[in-house]
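Student:
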Amino acid sequence: MDVKECTERLQTELKESSEGIAQRMEEGVECLEREIRGVHGRTAERIDEGVGRLERKIQDVQRSVSQLREQIIRRVGPSSAELGE
-11 MDVKECTERL QTELKESSEG IAQRMEEGVE CLEREIRGVH GRTAERIDEG
39 VGRLERKIQD VQRSVSQLRE QIIRRVGPSS AELGE
């Protein structure tokens, strides 16, 4: 085998090796993208659940405030309760 043949063979092997590396890198990127989408989806679900809990708590607090206002009006009278608004 002469120098030219050796060079061509090495170039071919290098090209094939580079293509293999590029393919594995592409597969790795796709795998990471799938994992990120999965994590993002789970995170979004947890955020939605948290928002739902906060909304329910806000409604509970609003009900409590309304009940307290009604109690104040009954005990003190409407004019004093209206001043606090």
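All residue numbers in the sequence shown are consecutive under my numbering, ending with 73.
Glycine residues also receive a C-beta, built at the ideal position from the N, C-alpha and C atoms.
Whole angstroms are fine: how far does the CA of glutamine 11 sit from the CA of glutamate 75?
Tutor: Absent from the structure is residue 75, since the part of the chain shown begins at -11 and ends at 73.
Student: The alpha helix (DSSP H) with methionine -11 in it runs from where to where?
Tutor: To locate residue -11, count along the sequence shown from 1; it is residue 1. Methionine -11 -> no alpha helix (DSSP H), and no H or E assigned at all.
Student: Reducing DSSP to helix, strand and coil, say where glycine 65 ends up.
Tutor: In the sequence shown, residue 65 corresponds to position 77, counting from 1. Of the three classes helix, strand and coil, the one that applies to glycine 65 here is coil, per DSSP.
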